[in-house]
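Below is one structure; the comments refer to it alone.
In UniProt numbering, the protein residues as written are 1 to 139.
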């Protein structure tokens, strides 16, 4: 069986050209997948924390909490980017997202959001957890 992909989730709350960081963790029986896609629907490249370049999707599995392989990294936001969640199981993952937040002290400093997924029937929404943050300033 192939990967069951959720509908893409818009990242348009992140301004274009901004540095974006992410972490992705799993706690599921089935292999979990995350990918950020461009406006044409193609997976983007990103940089891991050690500076190596990789391409989405990233994946991980195990009922104990763990990072997806290459589950922490950074990329630059571009118009039309979306995030998508997948599972090796029989169901398309259901996605729950928070409301995007903005951090500010007299001016906007950045923002972020949290996504969690459910790939089965127990509705605990702990199969994937994806945290994304963007920064107004770099360095």
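We put the CB at the ideal spot given by N, CA and C, even for glycine.
Check                                                                                              : Outcome
Assigned secondary structure, residue 77 (DSSP; H/G/I helix, E/B strand, else coil)                : coil
Alpha-carbon spacing of residue 51 relative to residue 59, whole angstroms                         : 19 Å
Inter-residue spacing [alpha-carbon to alpha-carbon] between residue 33 and residue 100            : 22 Å
Beta-carbon spacing of residue 84, residue 11 below 8 Å                                            : no
Beta strand (DSSP E) segment containing residue 112, residue limits                                : 108 to 118
For residue 91 and residue 8, the rounded distance between their alpha carbons                     : 16 Å
Beta carbon of residue 162 nearer than 8 Å to that of residue 31                                   : Coverage of the chain is limited to positions 1 through 139, which leaves residue 162 absent and any answer about it impossible.
Bounding residues of the beta strand (DSSP E) (the contiguous stretch that carries residue 23)     : 19 to 37
Close beta carbons around residue 57, own chain, < 7 Å, minus the five adjacent residues each side : 33, 34, 35, 43 and 86
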